[in-house]
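One structure is given below, encoded as structure tokens.
In the working numbering, the protein residues as written are 112 to 209.
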């Protein structure tokens, strides 16, 4: 398993507190870039008023930092493009009966 797959695996362990689907399948992770052992993540939340706006990005960053192969994580919380249901994976849509 390469480092990007390991990062994705860690992210898939994190769930949105209001939706019973992990944040990766929800489409909240827009981009993951790895250079050497530094990880850059662009993510969003379902809404800017999300009650976990402070804690969820920190949880993602801390989870990725837990990987031995990672030296640094730079996480950008972005709002463009705004998240919508079409960004969910097919698995997430099935889980939510959409």
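Just so it is clear, CB atoms sit at the ideal spot from N, CA and C, and this is done for glycine as well.
- Per DSSP, the unbroken beta strand (DSSP E) holding residue 140 starts and ends at 140-146.
- When secondary structure is reduced to three states using DSSP, residue 198 falls in the helix class.
- Only buried fits residue 194, as 16 or more other CB atoms lie within 10 angstroms of its CB.
- With 16 or more neighbouring CB atoms inside 10 Å of its own CB, residue 155 falls in the buried class.
- Taken through DSSP and simplified to helix, strand or coil, residue 132 comes out as coil.
- In terms of Cβ geometry, residue 119 and residue 127 do not form a close pair [threshold 8 Å].
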